[in-house]
Each structure stands twice: as structure tokens, then as C-alpha cells.
Amino acid sequence: MNRYCLRPFELRWLYATLGVLFPPAPSAGLFVGICDMPVEAFFADVFAKVPKVTSVGIRAAIWVVAFAPFFVIGRPRTIAGLSPADRERVIVRLSDSRFYLVRQLVLILKTFAALLYTQAIEVREKIGGGLAMSRLPQNGGPAASGSEASPQRLLPLVTDNGRRSHV
Amino acid sequence: MSNITSPSAAPYPDEQLREGAVVDCRLLRADLRDEYDYVVIGSGAAGAVAAHTLAKSGASVAILEEGPWVKTRDFSDDLHTSFNKLMRMSGTQILTGRSFMPLLQGRCVGGSTVINSAIAWRTPEDVIESWQREFGLGESVTMAKLDPHFDALERDLNVHPVNDDVLGTSNRLFVETAKAIGIAGAPMQRYERGCKGSSRCLTGCPSAAKQGMNVSYIPWALSLGARIFSSCRASKIEVRNGRAVAVHGRAVDTEGGPSRKVTLIAKKGVFLAASAIQTPNVLRRSGVRNSALGRHFQAHPGLATFAMFDKPIDMYFGATQGAEAIDFRKSDRFKLETISMPPEIAAIRVPGVGREFVERLTQLGNTAMWVVQVRAKAEGVVRPGFGGADQVSFSLLKSDLEQTRKACAVLARLYFAAGAREVWPGIYGVPPILTSPDQVRLIEEGPLDSRSYSFIATHLFGTARMGPDRESSVVGLDFSAHDAKGLYVVDSSIFPTNLGVNPQHSIMAISRLVATQVAEA
Ligand SMILES: Cc1cc2nc3c(=O)[nH]c(=O)nc-3n(C[C@H](O)[C@H](O)[C@H](O)COP(=O)(O)OP(=O)(O)OC[C@H]3O[C@@H](n4cnc5c(N)ncnc54)[C@H](O)[C@@H]3O)c2cc1C
Ligand code: SF4
Chain D
15 MNRYCLRPFE LRWLYATLGV LFPPAPSAGL FVGICDMPVE AFFADVFAKV
65 PKVTSVGIRA AIWVVAFAPF FVIGRPRTIA GLSPADRERV IVRLSDSRFY
115 LVRQLVLILK TFAALLYTQA IEVREKIGGG LAMSRLPQNG GPAASGSEAS
165 PQRLLPLVTD NGRRSHV
Chain Z
619 MSNITSPSAA PYPDEQLREG AVVDCRLLRA DLRDEYDYVV IGSGAAGAVA
669 AHTLAKSGAS VAILEEGPWV KTRDFSDDLH TSFNKLMRMS GTQILTGRSF
719 MPLLQGRCVG GSTVINSAIA WRTPEDVIES WQREFGLGES VTMAKLDPHF
769 DALERDLNVH PVNDDVLGTS NRLFVETAKA IGIAGAPMQR YERGCKGSSR
819 CLTGCPSAAK QGMNVSYIPW ALSLGARIFS SCRASKIEVR NGRAVAVHGR
869 AVDTEGGPSR KVTLIAKKGV FLAASAIQTP NVLRRSGVRN SALGRHFQAH
919 PGLATFAMFD KPIDMYFGAT QGAEAIDFRK SDRFKLETIS MPPEIAAIRV
969 PGVGREFVER LTQLGNTAMW VVQVRAKAEG VVRPGFGGAD QVSFSLLKSD
1019 LEQTRKACAV LARLYFAAGA REVWPGIYGV PPILTSPDQV RLIEEGPLDS
1069 RSYSFIATHL FGTARMGPDR ESSVVGLDFS AHDAKGLYVV DSSIFPTNLG
1119 VNPQHSIMAI SRLVATQVAE A
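Chain order of the listed sequences is D and Z. Going by my numbering, the first residue of the first sequence is number 15, and it counts up by one from there. Going by my numbering, the first residue of the second sequence is number 619, and it counts up by one from there.
Shown next, in the form of C-alpha cells:
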């Protein structure tokens, strides 16, 4: 843990935001959403490694989204206090905001969240990268095929209900 | 987290280096002082080639590199890990101006060549002519002088067009469709030996096929007796009596341990090759004062567009960048290229929010990503930022945005001609999803505001311009700083303008030309 780590209330806001950005989509065969992944550990790692100015940007983005419901849909709640449908309304409006800075802040969160989300093997398998990656030569060796593809190369995926975990 | 499942038995060129050839300055127990004929700052395209050329001439050479040496076996396909290890500011640098533009630079042994796509382009003749005519470069840089260096580099780095077996669907589709509609699309020429089409150039080639400096000129220079000091940042060049005599540096990334001082005496000269962003600030810290220093920064802002097809494109197989069209470089100041970005980056540009977004994401296997590189006329400024960082301000001109818009429209037409079901232009103010060629006019009528586009900067130029006089340039016609003899600047900061083509080849050729001339003098 380092001094830039997110506080518990910031984490609640972050989970609420990311849950909208990368939810499970069972209709597309994707049963895991980003909230099933180690969001807290990932952001702690990001904060430890990126320059301070970037962690300030991430934190600003979390705060702006957290208090956006009041300005965007007139609800005096934080993002975490809204129903999933209202959260989505807020995020859609922010991502399409006429204010460039607001759009950029949402983009910052989406960018970092994508780093985590697309590392999960379930996601990679679904979005194509995983399939192609399994065919790739690993560091100069012959191409791995089928079962030789290495799930351990992906970030550990832990879920609340213990459905899956690759640790 | 290991990513080595089937390690190659044969050593890579970045293994089995000569004993004592690499000094990892993070491990220094005391301050260090050493003496060489030449000290080279930076181990990227410019620095590596200069170091190799000088070492080959028999001179003793030290290379100072701020980043660590990340070996081929330690490359990871996890973008977060890779960016932290290989890129400056973990890949979070930005150019600021009317909009923010991410700026990617390598910060490791091999510099940006470790993370680049290995595309090779000789400097266009019209660019050289304009440098001679408009910027007074005269006979210092001519095509006739550069050609032998291009030849040698192409031999050394095995430059050739992308092999058909690793072209991949996206690149092939681009070439075939471009030709069908009268655009001269072609496979790219690249620096590689045995590319396996892993599409992973951005996170370091896992099979050392890409001939980045980390597996070519740096190991070759070391085998000729050069020594590299990695994880050591050059803080200043000491200039005494108008001559560069030493480089002072400090160990970095010491994880809280002591940061030892490194002093390298340069008996014959210093070659500065820290890139067009860092070089002007190294010069400033070294006491160079000049009104052109840090000014005239230019770039080739790049912009990606996506399209979804009804068939698999599988952009994760094929050379990372394998096809291009150069037709529009002279007439319209842009170049079209294919690219394959890792899912982490591709995901950011998928339109939509929530389930709709994720559903679209699951069809990423059917998407292609083609990009425009704009030869922007805009000029920016590089200054020292807080805490030793570099601050770059840069805003595109209206004419640059007009060309960008035009380029995006050409790409959209190309996508539809290739059979795309949807085109995602990624321009704020234009619908995020276009479904028919008739809608391409929406791009043509799109906004002329840089905040509507998601550019990225990787090709950088001009911040220590070369020229005959010290009023308008920093470096003289002999490639040394006007006010410091023996301080040769050999990266693209000396280019009077951008090029309109990928710059690594021009950078290496000019660096080789300078090092050869200096060694022979
Ligand atoms: C993602 C990406 C893709 C690209 N693709 C292509 C391509 O396909 N073809 C092409 O032609 N070009 C490409 N480019 C551009 C090309 O890689 C660069 O133009 C080229 O590498 C620049 O060479 P350089 O030596 O000036 O700088 P770099 O290669 O960036 O090397 C500079 C080195 O100097 C070090 N350094 C900086 N400051 C200091 C200091 N104070 N002390 C010690 N060391 C220091 C840096 O850490 C770095 O390692 C790409 C760039 C990127 C980022
Ligand atoms: S595409 Fe080719 S050159 Fe690039 S990383 Fe893969 S194997 Fe190496």
C-alpha cells in the first residue's frame, strides 16, 4: 500500500463507475464484469507505479464522476447511491459531455480499467486477443497451441462468490 | 507472473554479453568516474547507431541510458507491466495544448525502437531538398551522402517487405482493397528477422525478431568494446572552454537506495541522442542558451479508426503494422497505415457504454484498426517541467485538422469498400457508428477542433534545429552545438521539419553519417 491509495469511499465510487463501464454481459457469453476482478489491488499497483500527476488525474476522475449525479440528472447522491440504470445514465451523459475535460476524465478511468479487464482470461477468450495469443510463439519458442496456451500469464482473477479464480 | 512457456534454447542477442560490458547503475556501491573517447547519451535509434559506428572505428565508447535493460525473455504481453518497464512515465506522458495528446516514448535500453513497429522509410527527397533550400543545410545532409548509410542499415537490420505468411487478414485486406480502389497500398518494409506475426511490437518483440537497438546495434557495439551504463540519467554535459568534455549522470530507479553519481570523461566528444523531447532539456541543463532551443517541435499525430466486419479479422495475428499507403503524403500531408493494438488499447475505442459496449467488445475479433499519420504543420515547445519531467505544449492548426478529417474519410471509404459492416471513426461530433458509405460525408463535415479527435504522438522532431546561424538554430552544419564544439546532436531534434514518413530510418542514417564523419576526421 502506498500513500496515494484510494480510501474506502473512493473505492465504492470507483466500483460503481467501473461496474457501468465493464459490466458482465451474459447475452454475449461474458459472465464476469470488472467488479469480479481485483480492482482495489490493481489500482493500488497503478498508483504505486505511475507518476504522481497521473494518480492525481485518476483520483480527480473518480471524484468528478462520484458527484456528477447532482449536476447531470439532478439527484443529490453520489454515483454509488444510484440504481444501476441511473448510474448508466450518468456515465453515458458524462462520456458524451460537451465539456472536453469531463469526457477526458471518464476516458482516463476507462483506459486504466481496460488494462485490468482485458487481462482476465474469460475476457481474452471472448474478445479474440486470447485466442490469437494462444497461437503465439512465446519468447522465441515454438507457437503454443490449444491447451498449451498459458492462462497464468494473465492477472489473477478473483470473484466475490468464488465462482472462479486463477491465482 | 511468468510469460515464458517455451523458452528458446538459443541465446538471444541481448544475452551472453561481454563480461563488464553492461553496468547497471542501480547496483553501484560507490560513485563512478571513467574515461572514454566518446560518450553517447541515449541508446535508442540515434544513440545505438552512433555508438556502434564509433566503436567500429576503434574508439572507446560509453553509452549512458536512463532506462533499464529489459531482456527479451522478460517481455510481457501484459500492457500495464510492459508500459511500466519500458516506457517513459509508464506511458502516461501527454502533450498539452488545446487538447491532450498522449506521447509514447521508450525509456529502456534500445529506446523507442523496443516498442515501435519497425517500419523503415528512407527520407523523402523533397524533404531533404526543402532542408537545403529553406533551412540552409546545404551540403551537410544530401541524398547522395545518406544513401550509403541507408544501404548499410538495411543490410544490417534485414529490411524487407512483410512476408506473406505474417501479413495477417487486416494488413492483407488493406492492401487488396486499396489497390482495388486505386490507392497504392503495399506491405511495409520492416526491420526484422523471422517475424512471427505476434502483433506484439508495442510490448517488446518476444522472439527478438524485430531488429530493435536492444538486439542489434547495442549488443554489436558492446561486442566491439563499448560499455553501456543503464539506469543512469545524464543530468548535464560539462562544457569547458567551448568544448564538451564530460557527462555527469546519476543512477535512477534505485528503489530508495543511494543514487550514485556517474562521471564519464569524453576525450574526443559527446553524442547527444536522448530524443527530440529530452535532448533540448539536457542541453538547457548543460548551459546551452539559444532562442531556438526547445522550439519548433513537430510531430506526426496519429489517429486510429476502427471498423467491424462480418468475418473474422483477427488483428492479433500478423505484423503489428504491415501495410500502408503513401499516395497522399505530398498532396495531402497524410499517410495511411494498418495497426494492431493490444485488446487493452483497442477496448478503449469501442463505442458504447455498459452491456452494449461489452457486447461489441466481444466482437473485437471481427474488427480492423487502420490509422492516419498526419504531417502536421503545427509547432510546439519543449520546456523543463516539474521534478525533472519534460513539458511539451503543442496545438494542431486548423489546416492539420482539415487534412486529418480528409484522411479519416479516405479510411472510412476504404473500410466500406473492404466490406465493413460498421465504421467507428472515434470523432466527437460525428456519430460513433457509421453503417453506410453515404455517411462518410459526416466525417468530411466533421469538427475542426482537436478536442474532437484522439490523437497520439510517437514521431517527434525539431527541438534543437540544425542550421547555419545561431539565431534560428541550435546545432551547426557540422552537427555540433553552436556554442559547444564536440557536442554532437544526432537525433531528430536537429531535423528542421517533420518528414511525412516514419522517422527511425532517417534518424539512424543521419546519426551514422555524423558518427562516420567524426570518426574519420
Ligand atoms: C509506439 C511507437 C511506434 C513507432 N513506430 C515506428 C516505426 O514503425 N517506424 C519508425 O520509423 N518510427 C517509429 N516510431 C518512432 C521511432 O521509434 C523514433 O522516432 C525513434 O526511436 C527515435 O529515436 P531517438 O534515438 O531519437 O529516441 P529514442 O529511440 O526514444 O531513444 C532515446 C533514448 O534516450 C534515453 N534518454 C533520454 N534522456 C536521457 C538522459 N537524460 N540520460 C540518459 N538517457 C536518456 C531514453 O531513455 C531513450 O532510451 C515509433 C515510436 C513509438 C513510440
Ligand atoms: S509482430 Fe513480428 S516483429 Fe512484432 S513483436 Fe511480433 S514477432 Fe516481433
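We put the CB at the ideal spot given by N, CA and C, even for glycine.
Problem set entry | Closer than 9 Å at the beta carbon, the chain D residues around Z:S708 | In chain order: V60, K63, V64, P65 and T68.
Problem set entry | Cβ-heavy atom distance, Z:H866 to ligand 1, below 6 Å | no
Problem set entry | Heavy atom of ligand 1 within 6 Å of Z:M1122 beta-carbon | Rather than Met, the amino acid found at residue 1122 of chain Z in this sequence is Gln. Result yes, Cβ under 6 Å from ligand 1.
Exercise. Should Z:Q1140 and Z:I733 be called a contact, given that it needs their Cβ atoms to be closer than 7 Å?
Worked result: No answer is possible for residue 1140 of chain Z: it lies beyond the span of chain Z, which begins at 619 and ends at 1139.
For this session: Please confirm whether any heavy atom of ligand 1 lies closer than 6 Å to the CB of Z:S717.
Result: no
For this session: Using a Cβ-Cβ cut-off of 7 Å, state whether D:V34 counts as contacting chain Z.
Result: It does: the Cβ of D:V34 has a partner Cβ on chain Z nearer than 7 Å.
Exercise. Buried or exposed: where does Z:S877 fall if 16 or more other Cβ atoms within 10 Å of its Cβ makes it buried?
Worked result: So Z:S877 counts as buried.
Problem set entry | Proximal chain D residues relative to Z:G685, where beta-carbon distance stays under 9 Å | By Cβ distance, chain D contributes nothing, its closest Cβ being about 14 Å from Z:G685, past 9 Å.
Exercise. At a CB-CB cut-off below 9 Å, which residues of chain Z make contact with D:P37?
Worked result: What D:P37 touches in chain Z: G972, R973, F975 and V976.
Exercise. So what's Z:H918 in DSSP terms, helix, strand or just coil?
Worked result: Coil.
Exercise. For D:W222, which beta-bridge partners are listed by DSSP?
Worked result: Given that chain D is displayed from residue 15 to residue 181, the structure contains no residue 222 of chain D and the question cannot be resolved.
Problem set entry | Cβ shell of Z:V641 (< 6 Å), same chain only, five flanking positions each side left out | F847
Exercise. If you draw a straight line from the C-alpha of D:I76 to the C-alpha of Z:A826, how long is it?
Worked result: 40 Å
Exercise. Any idea which residues DSSP pairs D:L25 with across the strands?
Worked result: D:L25 is not bridged to any residue.
Exercise. Got a sec: is the Cβ-Cβ distance from Z:E997 to anything in chain D below 7 Å?
Worked result: no
Exercise. Is D:V34 helix, strand or coil when you go by DSSP?
Worked result: helix
For this session: Please determine, among Z:F1012, Z:K814, Z:A986 and Z:F1004, the residue with the shortest C-alpha to C-alpha distance to Z:A996.
Result: Z:F1012
Exercise. Hey, is D:I105's beta-carbon within less than 7 Å of any beta-carbon in chain Z?
Worked result: yes
Exercise. Rounded to whole angstroms, how far is the Cβ of Z:M831 from the Cβ of Z:A677, which I believe are closer than 8 Å?
Worked result: Z:M831 to Z:A677, Cβ: 19 Å. No contact.
Exercise. Under 6 Å from any heavy atom of ligand 1, does the C-beta of Z:G1118 make it?
Worked result: The answer is no for Z:G1118.
For this session: State yes or no: is the beta carbon of Z:L979 nearer than 7 Å to at least one beta carbon in chain D?
Result: yes
Problem set entry | Outcome for D:K140 when other beta-carbon atoms lying within 10 angstroms are tallied against a minimum of 16 | buried
For this session: Please check if any C-beta of chain Z sits within less than 7 Å of the C-beta of D:S159.
Result: At D:S159, the pLDDT of 29 sits below 50, so the modelled position is not reliable and the matter cannot be decided from this model.
Exercise. What whole-angstrom Cβ distance do Z:A669 and Z:I681 have, given they're in contact under 8 Å?
Worked result: 5 Å
Exercise. Would you call Z:D632 buried or exposed, if buried means 16 or more other Cβ atoms sit within 10 Å of its Cβ?
Worked result: buried
Exercise. Which residues, taken in chain order from the region 765-791 of chain Z, show a beta carbon closer than 9 Å to some beta carbon of chain D?
Worked result: Cβ contacts with chain D: none found.
Problem set entry | Length of the line joining the Cα atoms of Z:T881 and Z:A910 | For Z:T881 and Z:A910, the distance between alpha carbons rounds to 28 Å.
For this session: Decide if D:T68 is buried, meaning its Cβ has at least 16 other Cβ atoms within 10 Å, or exposed.
Result: Burial of D:T68 is indicated by the presence of at least 16 other C-beta atoms within 10 angstroms of its C-beta.
For this session: Please state if the CB of Z:P1121 and the CB of Z:G754 are separated by a distance shorter than 7 Å.
Result: no
Exercise. Hey, would you say Z:L1052 sits closer than 7 Å to Z:V1041, going by beta carbons?
Worked result: yes
For this session: Below 6 Å CB to CB, which residues in the same chain sit around Z:A796 once its five sequence neighbours on both sides are set aside?
Result: G803 and A943
Exercise. Nearest to Z:G905 by alpha carbon, out of Z:N859, Z:R947, Z:P930 and Z:D950?
Worked result: Z:N859
For this session: With a threshold of 6 Å, establish whether the CB of Z:R818 neighbours any heavy atom of ligand 2.
Result: yes
Exercise. Rounded to a whole number of angstroms, what is the C-alpha to C-alpha distance between Z:G1047 and Z:L921?
Worked result: 16 Å
Exercise. Excluding sequence positions up to five away, which residues of its chain have a Cβ less than 8 Å from the Cβ of D:V137?
Worked result: L44, V46, Y131 and G144
Exercise. Buried or exposed: which applies to D:V70, given that a residue is buried once 16 or more other Cβ atoms fall within 10 Å of its Cβ?
Worked result: Exposed is the call here.
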